[in-house]
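See below for the structure under consideration.
Chains as they are written, first to last, in my numbering: chain V, 10 to 258; chain A, 669 to 942.
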C-alpha cells in the first residue's frame, strides 16, 4: 500500500462500510438502533406502569401486597440483569410453551421484541417502584391532606395531585432509568435479538473493521443520550413549574 | 339529603337567637383516641346556618383534632356526627376504633366543607386560579368557564386578582392563605372550617387574613374556627367553646366566655394569651 494514499483510501473505505445501502453495513446498524429504541421505549413504559402500581402498593397496600412487592424489588435488584434476562427469556418462554402444550395448544414462538420489552420492563419496574415511592413520599403531606379534605376520590387524587406533584422529585431518577434502559437493550444480544450491539458485532465480524463499527455504535448510543438529555431537560423545567429554582431559594 | 333535622335539638339552650336556622353540623359525644391517649373525651357541638363557632384552648386541648374529625381527616373513635342532616355511617374496625362505612358519603360531605389549613396546603404545581377551580371542576363537575368565572370573582374578593396566574411558592404566607380561603369558598361550602388559619403567618400578615375571615362572618357564613386570636374570636364568633384536655370546659356567647369566665382555668388561659 502506498503511504501517500493510505489516509484518503481508509476514509473512503470507512464511508463505504458505513453506507446505509449494501454492501455498506450502516443500514444494519440503524435497524439495530431502531430495535433497541423500540425495546427501550416499551420497557421504560412498562417499567413506569409497574413502578407506579408498585409504589402505590408499597405505600398504601395491605401487608400481603407490601410483602410481595418487597420480595419483587429485592430479588430483581439483587440479581444481575444479564442473569435475569437469560432466566426470564429462556425459562419464561419455556414455561409459557409448557403451559400452552399442557392446555392442548401448539407452542408459540415468542418474538424477541415482546420478550425483550417484558424482561427489561420487569427489571425497570423494580427500580421504578423505588424511585416513584421516594418521589411520592417527597410530596408535602399537607397537599395530599387538602385533596382528601375536599372530597377527591383516590383516582382523582392520583391523577390530579399525586402524580403531577411527585413528578419533579421523580424525574432525575426516571431519567437515569431511561438511559439505563437504552443501554440495557444491549444485553439482549445474548439471546440473539438483533439490537444495535449484536448488529454491530456482526458487521465488525464480517468486515474485520472492529474499531470502526464499535466506534460507530458508541456514537449512536451517545446521540441517543444527548437527545434524551435535551428532552428530559425540557420536561423537568415543565414539571418544576411551580417551584422556585434552587438558586433563587 | 340536606334537609334540616330540627327535632333532635329543638331545645338547644346554646342557640337562642338562631334556633330556627337549619342545622349544618351536629356532633354528639365525640371521642378520639390515639392509641392509649384519649385526645377528645366526649365533645358535642351544634352549628346552625349562620353560626360562627370559635374553638379556643391551649395546645394539646384537642381543638384541632375535633375540627379534623368533622371532615374525617381523623376517624373519631366514637360519637355521632351529622352533617347537612346526614348521619355518617361508621363501621367498627375490631380494635376499638371505627371508620366510615361509605367512602362516597365521606367524599360528598367533604366536598361541601371548605377546609382552610394552618399551613395553607395549596397545590404547588398549580397556579392560584388553578387551585381555586380544581375541586369545582374535578370533584363537583362544574363547567370549566363557569368555574373560572366564579374563581376570578373569589380571587378579587380576597384581593388577589393580579396574582391569578402565579404559583403558590411565589406568594407570601398571607397571600397563600387568602388564596386558600378562595379555594374553600369556590366549592360553595355549607360550612367553612378554619384550622388555626393565622398561626403560621408572620405577625404583620395576620391582619389581612383575619379581615377576610371577618368579612365572611359578617355576610352570615357558617364557620368553625380554631384559633389563638382571642380578640378576633370575641369579635366575630357567635359562640365560643373553650376546650381543655379533650373536654369542653366552658362555652357560650363570646361576651360571657371572655367577659365573665367561670372556671379558674379559662381565666388563666385568657390572661396568658392576651
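Positions of the beta carbon are idealized from the N, C-alpha and C atoms, including for glycine.
Please read all numbers here as calculations on a predicted model, not as lab measurements.
What residue range is occupied by the uninterrupted alpha helix (DSSP H) comprising residue i?
i, result
"residue 167 of chain V", "Taken as a continuous stretch (DSSP letters only), residue 167 of chain V belongs to no alpha helix (DSSP H), as it is neither H nor E."
"residue 798 of chain A", "796–806"
"residue 214 of chain V", "205–216"
"residue 109 of chain V", "101–111"
"residue 842 of chain A", "841–854"
"residue 941 of chain A", "932–941"
"residue 87 of chain V", "72–87"
"residue 90 of chain V", "90–95"
"residue 735 of chain A", "731–738"
Bridge partners of residue i, per DSSP?
i, result
"residue 709 of chain A", "A/699"
"residue 768 of chain A", "A/758"
"residue 25 of chain V", "None; residue 25 of chain V has no bridge partner."
"residue 944 of chain A", "Absent from the structure is residue 944 of chain A, since the part of chain A shown begins at 669 and ends at 942."
"residue 722 of chain A", "A/893 and A/908"
"residue 920 of chain A", "A/908"
"residue 127 of chain V", "Residue 127 of chain V pairs with nothing; no bridge assigned."
"residue 915 of chain A", "A/912"
Does residue i come out as helix, strand or coil in the three-state DSSP assignment?
i, result
"residue 193 of chain V", "helix"
"residue 252 of chain V", "coil"
"residue 689 of chain A", "coil"
"residue 236 of chain V", "helix"
"residue 671 of chain A", "Legend: pLDDT at residue 671 of chain A = 44, less than 50; position of this residue unreliable, no value from coordinates given."
"residue 315 of chain V", "Because chain V in this structure spans residues 10 to 258, residue 315 of chain V falls outside the shown range and cannot be described."
"residue 716 of chain A", "strand"
"residue 826 of chain A", "coil"
"residue 862 of chain A", "strand"
"residue 897 of chain A", "coil"
"residue 148 of chain V", "coil"
"residue 868 of chain A", "coil"
"residue 682 of chain A", "At residue 682 of chain A, the pLDDT of 49 sits below 50, so the modelled position is not reliable; the number obtained from the coordinates is stated separately. Three-state result, residue 682 of chain A: coil."
"residue 161 of chain V", "coil"
"residue 834 of chain A", "coil"
"residue 809 of chain A", "coil"
"residue 132 of chain V", "helix"
"residue 181 of chain V", "helix"
"residue 887 of chain A", "coil"
"residue 137 of chain V", "helix"
"residue 874 of chain A", "helix"
"residue 227 of chain V", "helix"
"residue 98 of chain V", "helix"
"residue 792 of chain A", "coil"
State the Cα-Cα distance for the pair residue i and residue j, rounded to the nearest angstrom.
i, j, result
"residue 914 of chain A", "residue 905 of chain A", "21 angstroms"
"residue 255 of chain V", "residue 766 of chain A", "44 angstroms"
"residue 925 of chain A", "residue 908 of chain A", "7 angstroms"
"residue 223 of chain V", "residue 787 of chain A", "57 angstroms"
"residue 836 of chain A", "residue 159 of chain V", "18 angstroms"
"residue 151 of chain V", "residue 857 of chain A", "20 angstroms"
"residue 212 of chain V", "residue 198 of chain V", "14 angstroms"
"residue 892 of chain A", "residue 194 of chain V", "59 angstroms"
"residue 86 of chain V", "residue 798 of chain A", "40 angstroms"
"residue 106 of chain V", "residue 123 of chain V", "15 angstroms"
"residue 82 of chain V", "residue 135 of chain V", "5 angstroms"
"residue 145 of chain V", "residue 80 of chain V", "21 angstroms"
"residue 201 of chain V", "residue 176 of chain V", "36 angstroms"
"residue 25 of chain V", "residue 48 of chain V", "29 angstroms"
"residue 62 of chain V", "residue 70 of chain V", "10 angstroms"
"residue 233 of chain V", "residue 53 of chain V", "15 angstroms"
"residue 77 of chain V", "residue 66 of chain V", "10 angstroms"
"residue 249 of chain V", "residue 850 of chain A", "24 angstroms"
"residue 664 of chain A", "residue 852 of chain A", "No statement about residue 664 of chain A is possible, as the shown extent of chain A runs from 669 to 942 and does not include it."
"residue 736 of chain A", "residue 742 of chain A", "6 angstroms"
"residue 899 of chain A", "residue 813 of chain A", "40 angstroms"
"residue 683 of chain A", "residue 168 of chain V", "For residue 683 of chain A, the predicted structure reports a pLDDT of 46, less than 50, and the residue's modelled location is therefore unreliable. A value from the coordinates is still provided. C-alpha separation (whole angstroms): 43 angstroms."
"residue 101 of chain V", "residue 110 of chain V", "14 angstroms"
"residue 155 of chain V", "residue 779 of chain A", "11 angstroms"
"residue 685 of chain A", "residue 890 of chain A", "Low per-residue confidence applies at residue 685 of chain A: pLDDT is 46, beneath 50, and the placement is therefore not dependable, though the value from the model is reported in the following sentence. Roughly 15 angstroms between the two C-alpha positions."
"residue 839 of chain A", "residue 830 of chain A", "12 angstroms"
"residue 679 of chain A", "residue 714 of chain A", "Low local confidence applies: a pLDDT of 43 at residue 679 of chain A is under 50, so the model's placement there is unreliable, with the coordinate-based value given in what follows. Using only the alpha carbons, I get a separation of about 12 angstroms."
"residue 171 of chain V", "residue 716 of chain A", "35 angstroms"
"residue 739 of chain A", "residue 777 of chain A", "7 angstroms"
Looking at the unbroken beta strand (DSSP E) that takes in residue i, where does it start and where does it end?
i, result
"residue 746 of chain A", "746–751"
"residue 911 of chain A", "907–912"
"residue 781 of chain A", "781–784"
Of all the CB atoms in chain B, is at least one closer than 8 angstroms to the CB of residue i?
i, result
"residue 251 of chain V", "Among the chains of the structure shown, chain B does not appear; the protein chains present are V and A."
Identify every run of the beta strand (DSSP E) within the stretch 27–59 of chain V, keeping only runs that are complete inside it and at least 3 residues long; order them along the chain. none
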